[in-house]
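Enquirer:
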């Protein structure tokens, strides 16, 4: 079956188009990899690239992009509002199809080792790839940013990188590499204009106040339609699937005599998140994803 | 968005492996095409190949396979139980993703013209590609088979091919080319061992007795589980979607106090047939299939 990994590296450059084009070219030149988009923010002076492909290709493209960024971005001259510690700041690998989060953890570790060895950039492993539990949280790694880490990396044993030298690369700084699940932005629209209903349901379903583990939720007004919405980020659609979130909201809404009008998927979604919903509602027995014709295309 | 067409040609050879391998090689050698399977039946002396890919590649592979079959199969020496009129007997194009049935009709006509021009094989267009309404039905085209068509093709104006000469190719006979929707084999298991319930529901939902247009259905016993099943072929999942069939069976089963235990998808299914079910049950507003990450991979 086809194996697809997504990679969403963040680079500390959001203004110089030539630099960004040079990085994009590294990704485009890698076989079996497709650059889907890149977006820059001038105030943050930062850009986010999104590319997908087979695991080996994606790892290669990530290495090439990191090399090019190290060559062209000088952290000593960088300023911007967004926290950052390196030319290539953060590199997450994300399992899309035919690969597990553990496969992506392995990719992160292999890439980390390679970048440390060949480019002499210190590497911190984060999220699912974290070796030190405190490094699951990106904010802990970026504390003090580039300027602060410069001293701390050699002096504070807690800030020692997972791979590479205990000193920042003279221009490229340090890089965070890891693995995380795809994020699904999912909203559910309700048949009421009462914002309290949306807020109460959001509170019931989100992890932070006792709800489902991988749900972040807010109640919002959609004024132009005269309705309210439960607006969510689903941070692990495999363990907290969309259909369970939908059904739980439906049940909670009943309590207020409110119906679900519809739902919205914002941006991209992995095919499997939708296939899992079909599998659930159609009660399919022993379904194997290799029965999906598209999965046979490039196995 | 990615464009995928499936092609399932039938060849009048089910015994000689060298011939079949030579045909398979033509398909395998075509860029952007993937041969998924081929199956032979010795009694029928016939083989079915399944390949998929981008439209241009699929058309090219089909032409190469037809050429090779014309070179290696002599219909004057062919015998087998299955009706047939040519070395390449039937070639359907099937829309899977990013293409319509009309796109496949155009592919069928272009391929038909090319085969007639270059190989001098008479071509009949069938199903959605049929120009003469009677040719929507394959059985009408194959009437009298190879042996009978030999005379009829030149004498009976009704048997004149849509492209090519009004005489059979001396060894390859004639070929039927067309377009059809993918077939989905779908079964629903019921919480009863009463075969009459399955038969009544099958009768209610199938086209032939007044039900949904693109449903063929039978009631069957699954003895080892002590249950019954509605066994179906869905011949157009876009116009008669799986979720509607499932919900209609659920409703009909209620009448007998019977529940749906589960359902089965037999063999391959296009991703979109499942995505449509997720879209329905999750009530997604304005969903665009280009939001599915996998659809961005090879656009």
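Residue numbers (my numbering), protein chains in the order written: chain A, 470 to 768; chain B, 470 to 768. C-beta: ideal position from N, C-alpha, C; glycine also.
Apart from the five residues on each side of it in sequence, which residues of its chain come closer than 8 Å, Cβ to Cβ, to residue 495 of chain B?
Expert: Your numbering for residue 495 of chain B matches position 26 in the second chain. So the list reads 530, 533, 534, 536, 537, once near-sequence residues are dropped.
Enquirer: Can you round the beta-carbon distance between residue 474 of chain A and residue 563 of chain A to whole angstroms, since I take them to be within the 8 Å contact cut?
Expert: Residue numbering aside, residue 474 of chain A sits at position 5 when the first chain is read from its first letter. Residue numbering aside, residue 563 of chain A sits at position 94 when the first chain is read from its first letter. At roughly 7 Å, the Cβ-Cβ gap stays under 8 Å, so residue 474 of chain A and residue 563 of chain A are in contact.
Enquirer: Do the CB positions of residue 701 of chain B and residue 686 of chain B come within less than 7 Å of each other?
Expert: By 1-based counting over the second chain, the position of residue 701 of chain B is 232. By 1-based counting over the second chain, the position of residue 686 of chain B is 217. Result yes, Cβ atoms of residue 701 of chain B and residue 686 of chain B sit closer than 7 Å.
Enquirer: Kindly indicate if chain B contains any beta-carbon less than 7 Å away from that of residue 564 of chain A.
Expert: As a working mapping, residue 564 of chain A is identified with position 95 in the first chain. For residue 564 of chain A, the answer is no, since every Cβ of chain B falls outside 7 Å of its Cβ.
Enquirer: Using a Cβ cut-off of 9 Å, which residues of the segment 685-716 of chain A contact any Cβ in chain B, in chain order?
Expert: Result list: 711, 712, 715.
Enquirer: Please tell me whether residue 649 of chain B and residue 596 of chain B are closer than 7 Å, where the distance is taken between their beta carbons.
Expert: Within the second chain, the letter at position 180 stands for residue 649 of chain B. Within the second chain, the letter at position 127 stands for residue 596 of chain B. Yes, the Cβ-Cβ distance between residue 649 of chain B and residue 596 of chain B is below 7 Å.
Enquirer: Please confirm if residue 592 of chain B has its CB atom under 7 Å from at least one CB of chain A.
Expert: Working through the second chain from its first residue, we reach residue 592 of chain B at position 123. So, not an interface residue.
Enquirer: Using the beta-carbon of each residue, which ones in chain A are nearer than 9 Å to residue 750 of chain B?
Expert: On the second chain, residue 750 of chain B is found 281 positions in, with the first residue counted as 1. Neighbours of residue 750 of chain B on chain A, chain order: 712, 715, 746, 747, 749, 750, 751.
Enquirer: Residue 524 of chain B lies in the alpha helix (DSSP H); which residues open and close that run?
Expert: Mapped onto the second chain, residue 524 of chain B falls at position 55. 524-541 is the span of the alpha helix (DSSP H), which, as asked, contains residue 524 of chain B.
Enquirer: Look at the Cβ atom of residue 501 of chain B, then the Cβ atom of residue 568 of chain B, and state whether they are nearer than 7 Å.
Expert: Taking the second chain and counting its residues from 1, one reaches residue 501 of chain B at position 32. Taking the second chain and counting its residues from 1, one reaches residue 568 of chain B at position 99. The answer is no: Cβ separation not under 7 Å.
Enquirer: When the Cα atoms are used, what is the spatial distance from residue 708 of chain A to residue 714 of chain A?
Expert: Your numbering for residue 708 of chain A matches position 239 in the first chain. Your numbering for residue 714 of chain A matches position 245 in the first chain. Using only the alpha carbons, I get a separation of about 11 Å.
Enquirer: Taking residue 717 of chain A as part of the alpha helix (DSSP H), name the residues at either end of that continuous run.
Expert: Taking the first residue of the first chain as position 1, residue 717 of chain A is located at position 248. Here the alpha helix (DSSP H) through residue 717 of chain A covers 711-723.
Enquirer: Taking the beta strand (DSSP E) that residue 685 of chain A belongs to, which residues open and close that run?
Expert: Working through the first chain from its first residue, we reach residue 685 of chain A at position 216. Here the beta strand (DSSP E) through residue 685 of chain A covers 684-691.
Enquirer: Which of the three DSSP states is assigned to residue 549 of chain B in this structure?
Expert: Translated into positions along the second chain, residue 549 of chain B becomes position 80. Reduced to three states, the DSSP call for residue 549 of chain B is coil.
Enquirer: For a contact meaning CB atoms closer than 9 Å, what does residue 508 of chain B contact in chain A?
Expert: For the purposes of this step, residue 508 of chain B is taken as residue 39 along the second chain, with counting starting at 1. In chain order: nothing, as chain A lies at least about 15 Å away.
Enquirer: Whole angstroms is fine: what's the gap from residue 581 of chain B's alpha carbon to residue 479 of chain B's?
Expert: Here residue 581 of chain B refers to the residue found at position 112 when the second chain is read from its first residue. Here residue 479 of chain B refers to the residue found at position 10 when the second chain is read from its first residue. C-alpha separation (whole angstroms): 15 Å.
Enquirer: On the three-state DSSP scale, how would you describe residue 509 of chain A?
Expert: Within the first chain, the letter at position 40 stands for residue 509 of chain A. Residue 509 of chain A: strand per DSSP, three-state reduction.
Enquirer: Is it right to say residue 523 of chain A is buried, meaning 16 or more other beta carbons lie within 10 angstroms of its own, or is it exposed?
Expert: One-based indexing of the first chain puts residue 523 of chain A at position 54. Label assigned to residue 523 of chain A: buried.
Enquirer: Name the chain A residues that come within less than 8 Å of residue 731 of chain B, Cβ to Cβ?
Expert: Numbered from 1 along the second chain, position 262 holds the residue referred to as residue 731 of chain B. The answer, in chain order, is 752, 753, 754.
Enquirer: What does residue 734 of chain B pair with, by DSSP beta-bridge criteria?
Expert: The count along the second chain starts at 1 and reaches residue 734 of chain B at position 265. Answer is B:655, bridged to residue 734 of chain B.
Enquirer: I'd like to know if the segment 581-594 of chain A and the segment 633-652 of chain A are in contact, where contact means that at least 3 CB-CB pairs between them fall below 8 Å.
Expert: With the cut-off at 8 Å, the segment 581-594 of chain A and the segment 633-652 of chain A touch.
Enquirer: Just how far apart, CA to CA, sit residue 576 of chain B and residue 583 of chain B?
Expert: The residue you call residue 576 of chain B lines up with position 107 of the second chain. The residue you call residue 583 of chain B lines up with position 114 of the second chain. Their Cα atoms are separated by approximately 11 Å.
Enquirer: Quick check on this structure: which residue in A:753, A:516, A:521, A:508 has the alpha carbon closest to the alpha carbon of residue 499 of chain A?
Expert: As a position in the first chain, residue 499 of chain A is number 30, starting the count at 1. Comparing Cα positions, the closest option is A:521.
Enquirer: Counting only Cβ pairs nearer than 8 Å, list the residues of chain B close to residue 736 of chain A.
Expert: Here residue 736 of chain A is taken as the residue at index 267 of the first chain, counted from 1. Going along chain B in sequence order, the residues near residue 736 of chain A (Cβ under 8 Å) are 760.
Enquirer: Listed in chain order, which residues of the segment 515-526 of chain B have Cβ atoms closer than 9 Å to some Cβ of chain A?
Expert: So the close ones are 521, 522.
Enquirer: If you draw a straight line from the alpha carbon of residue 491 of chain B to that of residue 753 of chain B, how long is it in whole angstroms?
Expert: Position 22 of the second chain, counted from the first residue, corresponds to residue 491 of chain B. Position 284 of the second chain, counted from the first residue, corresponds to residue 753 of chain B. About 47 Å.
Enquirer: Secondary structure at residue 477 of chain A, three-state DSSP: helix, strand or coil?
Expert: One-based indexing of the first chain puts residue 477 of chain A at position 8. The answer is coil: DSSP assigns residue 477 of chain A none of H, G, I, E or B.
Enquirer: Leaving out five residues before and five after residue 770 of chain B in sequence, what residues of the same chain have Cβ atoms less than 7 Å from its Cβ?
Expert: With chain B running from 470 to 768 in the structure shown, residue 770 of chain B is simply not present.
Enquirer: In the segment 473-494 of chain A, which residues sit with their C-beta less than 9 Å from some C-beta in chain B, listed in chain order?
Expert: If the cut-off is 9 Å between Cβ atoms, the segment 473-494 of chain A has 473, 475 near chain B.
Enquirer: Since I believe residue 481 of chain B is in contact with residue 556 of chain B (beta carbons under 8 Å), could you give me their beta-carbon distance rounded to a whole number of angstroms?
Expert: The count along the second chain starts at 1 and reaches residue 556 of chain B at position 87. The count along the second chain starts at 1 and reaches residue 481 of chain B at position 12. Right, the Cβ-Cβ distance comes to about 6 Å (below 8 Å), so this counts as a contact.
Enquirer: Could you have a look at residue 729 of chain A and say whether DSSP puts it in helix, strand or coil?
Expert: Translated into the one-based positions of the first chain, residue 729 of chain A becomes position 260. Strand.
Enquirer: Within 7 Å (strictly less), CB to CB, does residue 740 of chain B reach chain A?
Expert: Residue 740 of chain B sits at position 271 when you count from the first residue of the second chain. Yes, residue 740 of chain B lies at the interface with chain A (some Cβ there is under 7 Å from its Cβ).
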